[in-house]
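Numbered by UniProt numbering, the letters in the sequence shown go through residues 1 to 152 in order. No residue lacks a Cβ here, since even glycine has one placed at the ideal position from N, Cα and C. Since the model is a prediction, treat every value here as computed from it, not as a measurement.
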Amino acid sequence: MPASASLNPPTTPLATNTSDISYNEPENFLEIEVRNPKTHEVNNKKKFTDYEIVCRTNIPAFKYKNSSVRRRYSDFEWFRDALEQETNRVNIPLLPGKVFVNRFVDEVIEIRREGLERFLQIVAGHPLLQTGSKVLVPFIQDPNFDKESYSL
């Protein structure tokens, strides 16, 4: 290749006009975020932490496009058990492990929050669970969700 060839840019345009590109909302999108952990104390004795679940989606199986609910770890345990009983066609991921020591320390709560978020993203993103589960959408979106109203 002659030395002058490497200095001359190609004359054919390689890029398209960016004004012709349309950036529409994806056909189906689902954003699940577990955030804002809060530790509560009951009667100055018993403590528990709950987490906000924020869901943004346009998937028709979900009741709301935007929702926010709060759930505690024991709710997630029940939810996972319910999913396992509903289907044998989907391998339900594990929850982050139970914590018995220092469970109200910020770092421990953050590690659990990350694990719960990963769990929900996998479960909520599964097409068979989106259409076949009776508990998935209410657990993620219904602020009045009552696990007692679901028989396992």
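Check, Outcome
"Is it true that the CB of L83 sits closer than 8 Å to the CB of V123?", "yes"
"Whole angstroms are fine: how far does the CA of R56 sit from the CA of K65?", "6 Å"
"Output needed for S67: all residues of its chain with C-beta closer than 6 Å, excluding positions within five of it in sequence on either side, in chain order.", "C55 and Q141"
"Residues in the same chain with beta-carbon distance under 6 Å from K147, minus the five sequence neighbours each way, listed in chain order, please.", "W78"
"What is the rounded straight-line gap between the Cα of L120 and the Cα of I32?", "7 Å"
"Pick out whichever of T87, R71 and N44 has its Cα sitting closest to the Cα of P127.", "T87"
"For A5, does the count of other Cβ atoms within 10 angstroms reach 16, so buried, or fall short, so exposed?", "Confidence is the limiting factor: at A5 the pLDDT is only 48, short of 50, which leaves the residue's position unreliable, though a coordinate-based value still follows. That one is exposed."
"In angstroms with no decimal places, state the Cα-to-Cα distance between E41 and E27.", "43 Å"
"Shorter than 8 Å from the beta carbon of F139 to some beta carbon of chain C?", "In the structure shown, chain C cannot be found, because there is only a single protein chain."
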